[in-house]
Each structure stands twice: as structure tokens, then as C-alpha cells.
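In the UniProt record's numbering, the protein residues as written are 1 to 732. Don't be surprised by glycine CBs; every beta carbon is placed ideally from N, CA and C. The structure displayed is predicted, hence computed values, not measured ones.
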């Protein structure tokens, strides 16, 4: 048992060394030199921000005799002590808080402003004008450094950490609310759910309970209802919930609590956190997204391109066919003519039907006919965007990067106020685009004059809410060109044949020969058989990046987690000299195949990107004292520490959903009854169409047949089609 002294002590001194730090919540163990005659070294523990080792600190707390680690000082409160002599002041101003200042210029500042320089600058920043050679860059560095050293921030950190918030979220609150953060959150911690991205109901509720809020506080129940609508949408993919369904789920979630459902809902409707239409309850974000999309598309375009002379188009089309030694079929010609005759077009079709050929023609002809107009191509994932760039030889982006996504705030820099300067916008893999993301793209596209949407409606819908491609096709707002003839007869053509059989729900005489193989394997033999197939492909000269194993769920004998562990052990086993980092239940090893799980726009890597772990740097070799992974994403090197380690996973086996938008030379896909309702036609079709050359299915034939025969158990409910119709015909 720990023994704690009853005294409340105050010690002053400097940080010497960080022994341990949890970057998520700020919990720190450090060596501290006490500023007394003995210059004692003590071990301190507590929730602390990052301090420079030269910072003079005053800590309040108690000594604890830990049975294993001995005497420690447990920090309860702290504040930075501003230096009060010239030498300390120079060391402080030349420290890591003040980037680019350095010792020489710190001496200049102290010479100009004296020992009370910090007090003077805080009271009146214009005193910096009297310092020789003061630049705007130096001014910013000084003011930002003083802000970081401010007691207000330290007090804010202590308050929120004491009430259960991690350091990362505390810094978000400081950025959004500033010095009023404590006051605002004390008043209503549930506001964080609506106003701070990344903080959900559970986190806000934890803070509220710590602050002493009652279980039946109306603010708590309102936040619970809003969170429940969002949760129900995410689980179903619907953009709304029924009033009855919401009431039923609230009853389950709030069992034992007394509340009036109608009163709570009415209050949320008045606050416009929820919206009601004809018994349908929308989260305000989903409602606004549908309205934004419908308004944009029904008014599109806001500016028009000059029409193309038909004879000129035909001349350039003939020249292109001659140059490429290709003859477009009638459906492809229809697509090309529709594109140039209409302001917007939807192009759809399965694998091998020539979508790629048409898109290449559209961009080539547009550049010829409109040489001064700007083109932007985009796709939901980095791999899909890269493939589109190779195809069109045009600037291509992920949708997030095109819109200038900010990770911390989950907002975009490109909006109605600062729109895209683009004349032609092409969006590929559109089945993956959800309502919220497309609404953001619409907001920023007021200058777009021509729109081309490309997608396969039979693939899996977006992970987030909505079914935008299906809704746009159903609305008949824009002309639809559906390519159906299969052209590809080279490597991978057997995969295409099978894909079209699956698409049509055919289960008899499945075409599993040539480029497609099916191995009947029991559930508990899946792991070993997958390894055998992968090894066979490697022996034939394929690289590990060419081979992708896809699975339908994470747990179980044929789940992603089990297969990843087995494949890592087989393909990248421990070796002397090969570095490892154990993080929780996962072991990262140099040479591992890595999957990016979240968008990191600052690093130019996105959800679904796959790379190779090329180096591990251990904490004792790192200036910041952190373990680091360095992953190579096809030439883009990205570093990971404990701060963002949850953004990656192993990629030997990934989910079908994560593979969407990508293609691989060889796909290996287990199909077993253990996958349950996950194994349905759209998922199988999406997985199969990821294979460019070869496909290996292994598992239980009856599971494959049953999956192909089964349609989704839940068709997504949205109202985008109805909104478009209502805006086109307001009298109805």
C-alpha cells in the first residue's frame, strides 16, 4: 500500500529529465532538481504539460512512499516561476519556447527592457518595438512563447485533467474557448459534444459527472438524445431516425431516469440541434448536408462554359482515336457527347466496361477544346486519387486535400467564402462519398462549370451516412451513362466475368477458373491456407505490396486481427538487428506492411494508404525522448509516435471497406459462414473487383453462394432524392 504524508508541500526547482510521459493525458514521471542548498533530486509524478528542462517551476503536492519506486512527489498544482535575474531571464528567452531567438538576441532583449522584460511585454507588447533588430517573426515567437508559459494555460490544464480530460482535448478547448474555457465548461460541459470535434457524449459526461452534474440534468439528457441520433445514423447509414425509433432507444439508454421525451425533443428542435420533418428526426449536420447538396445541384451551374461546336468536337474525337489507335463503341461515344453537351453527367459501370477509357478521353478532349479552363480531379482515397492522376495526367487530389481539410477542427478552408477556382470537376469512386463530405464539396464549388461523377453503384456505399450516388441516379437530375459491355480480355478478365456474375446475383456455375481460383477450406484452416497462397505468390516473383488479403470482419479465426498476426509472423518474423516496438497488443517491426487508418493531410497521407515501415527510432536515441516509427508511403516518409500511433495498423490483411478505391495485382479473400451477415453481395463484389490480375477465394462454397444471393438487410433511408424533386417542383 502507498503511504502518503499528511503534509502539503511546496517545492521549487527545475526539470532535469522526463522518465515517462503519456502524451494522451499528460501523465508524467520526471526527475526534478529542488532549488535549495542541497540541490536535491526528487522524482515527481502528475498530469503536467510539456516543460523545457530549464524551466523554473513551483510545485504543490505531497510526498508519497511508493512500495516499488520509493519516495516520490505527487504534484497537485503547479505554476511556472518567471525568472527574476538577468542570467535566468536570458536562459528563459533563449529556451525552446522561443523559437529562433537564441542566446545573443535574448541578451539584446534583456539589455533593452531590463530584468522585468517579461512583465513589461505582457502588459504592453508594443515595448518590443524598442528592441533593436526586432522582426515580425521574432515578435511572434516571443508572444507565442509567453502565451505557452502563461499560468492561465497551466491552470486550465490542471482543471480539465483533474476532471478526466486528456491533454490533447484540453488544448482543443484552449484553442476554441481561450481563457473562458473553464467557465464555459463548468457552466455546461455537454456543449463540448456540439462544439469540439473529437469529444463525444461519453467524454463530456465523464467531465460533467466529475463536476457534480445530476444524472437527470436536462442538459445531460439533451446531449444524450443528440448523441443517440448520431449513433443510430452511423450504425444504419440513414440520414434520419423515426420519432418512434428515437423514443424507443432513449427509453433503453436512459432506463431508470425520469424525463419527458417530448419536452426534450422540443427543446432540441428550438435550439436547432435536431430538425424534424414529417416524423423524421435529423441531426442538424445531416439535415443541412442534404439541403446543401439539393440546393447546389438543382441550381448548378452558377456559371456556364461556352458550348462546343459539334464539328470541332468530332474532329478532335477522330484525331484522338487515331492517336490512341482505338475505336470507341456507341456507349462510350454517347458518354463523350453527353459530357460536352450537358453541364453535368453521371458515368457508371462495372469493372472492365471502359470507364477508364472514357475518362481519359474526356480529360484529353477537354484540354484540347478548353485550353485555358482549369480541371481538378478528386477521389475519396489517396490510392484512388493517384490512379486517377496516372489516367488523366491532370492535377488530382483526395477530396479532403482539395478542400484544405484541417484535422484538429474537422473543417475545410475551401468554402463559399474561399471557393475552388476550377472549371471542370471530376469525382471518381463516388459510391464512397457520404452526404457530409459531398455537401462540403458543393459549398466550395460555386465556380465549377462542368461536373462529372464516376462510380459503381453496386459497390459498398459510404462508411458514413447517406447513399449519394444511388440518390442522384434515382433523382434523374443529371443524365446517366451506364457502360455495360465488357472490354478487358487480358490478364484479370476472368475476375471481371466473375464480378459481373456476382453483380447480377448469379450463383450457378460461378466462373472460378483461369485468373480466379477457389479453394474449399474449413474455418480453422483459413489462416494456414492464406499463408500458403501468399508464399506461393512470393515464390512466383510477386512483391508483398502486390498481394492483398481482404477479410470481412476483425475478430474470429478468419478475422483481420488473427490473419495480420499470422502473416506478420510468416512474412516479417523477428530477426537480429530488426527493430521492434510493442504498443499494446501490437508489435510493429521494421519491414512491416502498414495501413493508414485516418487522414493526415499535413503529411499527405490518407485513410486507406498502404506503406512500408522502414525505420524504428528508440526513445533513448530521440531528442524528444519518444519512440518513432518511420513509414514510407510510396516516397512520402511519415513519422509516428505514441501521439498518432492509433492512426496506423498492419496491412497484411485489411477490411474490404478499407480496400475500396484501391486495386491490387493479387487479391486473396476468405469467404466463410463465420462472417455472418457481413458476407453479402455488395461486399463480395467490392472485394472481388479490387483484383487486377488474379483472385483467390478460399473458404466455404455455400457461404460464397449464400453471400452472393443475399442483398443488404437494410437499405439506407435518406431524403436527398425527395429534396431534389421538391426544389425542382416547389408547387408539389
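Burial state of residue i (16 or more Cβ within 10 Å)
i, result
"residue 215", "exposed"
"residue 650", "buried"
"residue 380", "buried"
"residue 733", "An answer regarding residue 733 cannot be provided, because it is not within the stretch 1 to 732 covered by the chain."
"residue 733", "Here the chain has residues from 1 to 732 only, and residue 733 is not among them."
"residue 636", "exposed"
"residue 434", "buried"
"residue 71", "exposed"
"residue 1", "For residue 1, the pLDDT reaches just 34, beneath the cut-off of 50, and the residue's location in the model is therefore unreliable, although a value from the coordinates is still provided. Classification of residue 1: exposed, given that the 10 Å Cβ count is below 16."
"residue 282", "buried"
"residue 47", "buried"
"residue 40", "exposed"
"residue 10", "exposed"
"residue 315", "exposed"
"residue 413", "exposed"
Residue from the options whose Cα sits closest to the Cα of residue i
i, options, result
"residue 36", "404, 13, 44 and 56", "13"
"residue 374", "408, 333, 422 and 620", "422"
"residue 239", "311, 260, 212 and 277", "277"
"residue 78", "543, 59, 332 and 65", "59"
"residue 386", "645, 468, 461 and 609", "609"
"residue 617", "424, 404 and 642", "642"
"residue 720", "411, 132, 566 and 290", "290"
"residue 188", "219, 45, 445 and 197", "219"
"residue 450", "391, 115 and 304", "304"
"residue 229", "209, 268 and 263", "268"
"residue 602", "87, 420, 262 and 410", "410"
"residue 709", "677, 716 and 730", "677"
Sequence-distant residues of the same chain with beta carbon closer than 8 Å to residue i, five excluded per side
i, result
"residue 272", "284"
"residue 43", "19, 29, 30, 31, 32, 69, 70, 71, 72 and 73"
"residue 485", "329, 331, 353 and 354"
"residue 173", "156, 160, 165, 181, 185, 192 and 196"
Under 7 Å between C-beta atoms of residue i and residue j
i, j, result
"residue 665", "residue 494", "no"
"residue 190", "residue 223", "yes"
"residue 362", "residue 339", "yes"
"residue 529", "residue 698", "yes"
"residue 583", "residue 653", "no"
"residue 440", "residue 403", "yes"
"residue 358", "residue 342", "no"
"residue 452", "residue 426", "yes"
"residue 648", "residue 593", "no"
"residue 556", "residue 674", "yes"
"residue 377", "residue 388", "yes"
"residue 558", "residue 526", "yes"
"residue 391", "residue 356", "yes"
"residue 671", "residue 646", "no"
"residue 459", "residue 686", "yes"
"residue 144", "residue 110", "no"
"residue 112", "residue 130", "yes"
"residue 351", "residue 499", "yes"
Proximal residues to residue i (C-beta, below 7 Å), its chain only, five neighbours per side dropped
i, result
"residue 578", "589, 590 and 591"
"residue 308", "340 and 369"
"residue 572", "589, 591 and 592"
Alpha-carbon spacing of residue i relative to residue j, whole angstroms
i, j, result
"residue 56", "residue 630", "34 Å"
"residue 121", "residue 301", "53 Å"
"residue 474", "residue 728", "14 Å"
"residue 161", "residue 604", "32 Å"
"residue 248", "residue 207", "27 Å"
"residue 243", "residue 418", "38 Å"
"residue 15", "residue 549", "49 Å"
"residue 520", "residue 531", "15 Å"
"residue 682", "residue 503", "8 Å"
"residue 250", "residue 406", "33 Å"
"residue 3", "residue 27", "Since pLDDT at residue 3 reaches only 42, below the 50 mark, its modelled position is unreliable, and no value is offered."
"residue 692", "residue 438", "28 Å"
"residue 263", "residue 254", "15 Å"
"residue 724", "residue 209", "44 Å"
"residue 660", "residue 415", "27 Å"
"residue 511", "residue 497", "7 Å"
Contact with chain B by residue i, beta-carbon distance below 7 Å
i, result
"residue 529", "Absent from the structure: chain B. Only one protein chain is present."
Sequence-distant residues of its chain with Cβ nearer than 6 Å to residue i (five each side left out)
i, result
"residue 662", "383"
"residue 92", "83"
"residue 81", "56 and 58"
Closer than 6 Å: residue i CB and nearest the ligand FAD heavy atom
i, result
"residue 97", "Judged by which ligands are present, the structure shown has none, so any question about the ligand FAD falls away."
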